[in-house]
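Asks:
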Amino acid sequence: MESAAKGKVCVTGGTGFVASWLIKKLLENGYSVTTTVRADPEKRKDYSFLTNLPGASEKLQIYQADLHDPNSFAPAIAGCIGVFHLATPIDVDDKEPVESLTRRTIEGTLGILKLSVDSKTREMEGGMKGKVCVTGGTGFIGSWLVKRLLEDGYSVSTTVRSDPGTSRI
């Protein structure tokens, strides 16, 4: 993958609507992007909506990763100046208890955050170290996650932006 002028960033959960839009915008703005998708051993999934984006052939790499194993995200995160964590476990059959799904979400996110912080991120313009952005981090899961990160000695900065008029359907 060719190195982009602005650096390389990782977007987890690349097949999601928000993630794919973010990838499009990052490519348009001169970034190289690595993204993660769920494992597809039978190669049945079509990622052409990502690979056909302008600039994708030169600046996009797709990796398979699994939230059960946060270390599987290491190749995608390596050398990035930032990580946008949008991946989340999904129980399409609605068979997994809520507690289990919540625990998987928390542990997977915590693992990716630790991996991101511990990886050798390069410095961005102005000497700022790489950043991690977690979407949907408010509420119980977000507050629990922040508490765990602080207990483990990480520096945490949070911003809550919510407009009830626009966040309801």
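In my numbering, the protein residues as written are 196 to 364. Note that beta-carbon positions come from the ideal geometry of N, C-alpha and C, so glycine has one too. It should be emphasised that the depicted structure is a prediction, and the values quoted were computed from it without experimental measurement.
(1) Cα separation between Pro270 and Gly209?
(2) Along the alpha helix (DSSP H) that carries Lys203, what are the first and last residues, could you check?
(3) Which residues in the same chain have their Cβ closer than 8 Å to the Cβ of Asp373, if we skip the five residues on either side of it in sequence?
(4) In angstroms with no decimal places, state the Cα-to-Cα distance between Glu294 and Ala200.
(5) Any chance the region 241 to 260 sits against the region 225 to 232, with 3 or more Cβ pairs inside 8 Å?
(6) If you count every other CB in all the chains shown that lies within 10 Å of the CB of Lys220, and 16 or more means buried, which is it?
(7) Please work out which residues of its chain come closer than 6 Å, Cβ to Cβ, to Ile307, disregarding the five sequence neighbours upstream and downstream, and give them in chain order.
(8) Going residue by residue through the region 229 to 309, where are the continuous alpha helix (DSSP H) segments of at least 4 residues, counting only ones entirely within it?
(9) Can you check DSSP and say which residues form a bridge with Ser227?
(10) CB-CB under 6 Å to Gly202, same chain, minus the five flanking residues each way: which ones, in chain order?
Replies: The short version:
(1) 15 Å
(2) Run containing Lys203: none in the alpha helix (DSSP H); it sits in the beta strand (DSSP E), 203 to 207.
(3) The structure shown does not extend to residue 373, since the chain spans only 196 to 364, so no value can be given for it.
(4) Taking the straight line from one Cα to the other gives about 43 Å.
(5) yes
(6) exposed
(7) Pro265, Phe268, His280
(8) 243 to 246, 251 to 254, 269 to 272
(9) Lys203
(10) Cβ neighbours of Gly202 within its own chain (closer than 6 Å, five residues either side excluded): Ile276.
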